[in-house]
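Residues 1 to 159 (UniProt numbering) are what the sequence shown spells out, left to right. Contents: one structure, followed by commentary.
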Amino acid sequence: MMSKNNEDDDVRVVMLPWLAFGHMIPFLDLSIALAKSGIHVYFLSTPRNIQRLHQRIPPTLSHLIEFVSFPLSKLHSSNLLPEDAEATVDIPADKMDCLKIACDLLQEPVKNFIAGKLPNWIIVDFFPHWAVDIAQDLNIPIIQYYICTASTAVFYLDS
């Protein structure tokens, strides 16, 4: 398969999970499975989350899974998020909307990264919702990897 940026013939995928370990770990497991098939994976997250996840990559696949770090916007000055908050585990439930706001502010840097790499696919979680716009703007196919069961999806989508 010819890549869009003509660097090589390798298939490249961007993984964009929600900032919760119940989402990041399944995305990382999928990244490992893709890498075992020879697919180059760009796993996008925040510096602290990457630090917590990188040791899960088998050394034999480390050349195919590239962690790409995007620092969250500093909402810390207004006390909206705790200083080191980069995942749902780092915040109380009442700060979830603040984490979503900080994640929304990553849209432009993520778009710039993806535009520079022009991967063959983007695989995204339910959030960030703006990844669909990026994929459409750059004419890149996108897949939503929904890690919950179908019954859970129906429950939340129906409410």
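Ideal Cβ positions, reconstructed from N, Cα and C, are used throughout, including at glycine. None of these values were measured; they are calculated from a predicted model.
For this session: State buried or exposed for K117, treating a residue as buried only when at least 16 other CB atoms are found within 10 Å of its CB.
Result: So K117 ends up on the buried side.
Exercise. Could you give the distance in angstroms between the alpha-carbon of M41 and the alpha-carbon of S151?
Worked result: According to the sequence displayed, residue 41 carries Val and not Met. Rounded to whole angstroms, the separation of the alpha carbons of S151 and V41 is 29 Å.
Problem set entry | First and last residue of the uninterrupted beta strand (DSSP E) at I40 | The question names Ile, yet the displayed sequence has His at residue 40. Per DSSP, the continuous beta strand (DSSP E) segment holding H40 begins and ends at 40-45.
For this session: Identify the continuous beta strand (DSSP E) that holds I123 and give its terminal residues.
Result: From DSSP, the beta strand (DSSP E) with I123 extends over 121-124.
Exercise. Under the three-state reduction of DSSP, which class applies to F67: helix, strand or coil?
Worked result: Correct three-state label for F67: strand.
Problem set entry | Distance between H63 and F155 (C-alpha atoms, nearest Å) | C-alpha separation (whole angstroms): 40 Å.
Problem set entry | Candidates L80, V110, L105, I114: closest to C98 by CA position | Taking only the C-alpha atoms, the option nearest C98 is L80.
Problem set entry | Residues near V89 by beta carbon distance below 7 Å, same chain, minus five either side | Cβ neighbours of V89 beyond the five flanking positions: F21.
Problem set entry | Terminal residues of the alpha helix (DSSP H) in which L99 lies | Looking at the DSSP string, the run of the alpha helix (DSSP H) that includes L99 is 96-104.
Exercise. Comparing alpha-carbon positions, which option in T46, F70, T149, I101 lies nearest N112?
Worked result: Here the closest residue by C-alpha is F70.
For this session: Determine the closest residue to C148 out of M96, A35, V13, P26, with distance taken between C-alpha atoms.
Result: Among M96, A35, V13, P26, the Cα nearest to that of C148 is on P26.
Exercise. Is DSSP giving V110 helix, strand or coil here?
Worked result: Residue state for V110 is assigned as helix, using DSSP reduced to three classes.
Problem set entry | For V11, the three-state DSSP class (helix, strand or coil) | In this structure, V11 counts as coil in the three-state DSSP scheme.
Exercise. If you run the structure through DSSP and keep just helix, strand and coil, what is L30?
Worked result: Looking at L30 - three-state DSSP - the assignment turns out to be helix.
Exercise. Relative to the alpha-carbon of Q107, which residue among L34, I32, L30, S45 has its alpha-carbon at the smallest distance?
Worked result: Considering only L34, I32, L30, S45, the residue with the shortest C-alpha distance to Q107 is S45.
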